[in-house]
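Engineer: In this note's numbering, the protein residues as written are 42 to 202. Even for Gly, the Cβ is constructed at its ideal location relative to N, Cα and C. Predicted model only: the values in this text are computed from it and were never measured.
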């Protein structure tokens, strides 16, 4: 090898070294870009997962609120229905007790029986008052006619005697 050949080989070697250094630098830059890309992708995945968690938590919270509101309204509806039924029973009982009160002077037995029926529907102060007042009327007992017919020959009941 001549001197010029040595210089050429050295030049080729140094150019290869420079090329490999340049390739190494380019590879490092690509590796750095790849790491940045992966970091950004990881951050984006974390953001998506966080958004999904927030969405699921929001939906669950809204479902709990809706369920609570439904149960509250259902409880109030049931209370209202019970109150309406009680009001209807009280009104019916008071209506019968009022009828008993109007018949008290003419027929205390009928008044007592009506007040008793009213008390069976719903115990109210009015029907209790009519029951007590019917006991105070004299004569208390009247034979109630027209409720049944009795044939003494065929019926062997005590009521037919």
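Suppose you measure from the CA of residue 163 to the CA of residue 127; what does that come to, to the nearest Å?
Structural biologist: Sequence index remark: in the chain shown, residue 163 carries index 122 (1-based). Sequence index remark: in the chain shown, residue 127 carries index 86 (1-based). Going by the C-alpha atoms only, they are around 8 Å apart.
Engineer: If you run the structure through DSSP and keep just helix, strand and coil, what is residue 145?
Structural biologist: Here residue 145 is taken as the residue at index 104 of the chain shown, counted from 1. Three-state DSSP puts residue 145 in coil, outside helix and strand.
Engineer: For residue 100 and residue 107, I'd like the C-alpha separation in whole angstroms.
Structural biologist: The residue labelled residue 100 in the question sits at position 59 within the chain shown. The residue labelled residue 107 in the question sits at position 66 within the chain shown. Rounded to the nearest angstrom, the two C-alpha atoms are 10 Å apart.
Engineer: Tell me where the alpha helix (DSSP H) around residue 166 begins and ends.
Structural biologist: For this step, residue 166 is matched to residue 125 along the chain shown. That run of the alpha helix (DSSP H) goes 166–177.
Engineer: At the level of alpha carbons, what is the spacing between residue 167 and residue 135?
Structural biologist: Locating residue 167 in the chain shown gives position 126, where the first residue counts as 1. Locating residue 135 in the chain shown gives position 94, where the first residue counts as 1. Cα to Cα, residue 167 sits roughly 7 Å from residue 135.
Engineer: Please state whether DSSP places residue 103 in a helix, a strand or coil.
Structural biologist: Taking the chain shown and counting its residues from 1, one reaches residue 103 at position 62. Of the three classes helix, strand and coil, the one that applies to residue 103 here is helix, per DSSP.
Engineer: Determine the DSSP secondary structure at residue 75, reduced to helix, strand or coil.
Structural biologist: If you number the chain shown from 1, residue 75 lands on position 34. Reduced to three states, the DSSP call for residue 75 is helix.
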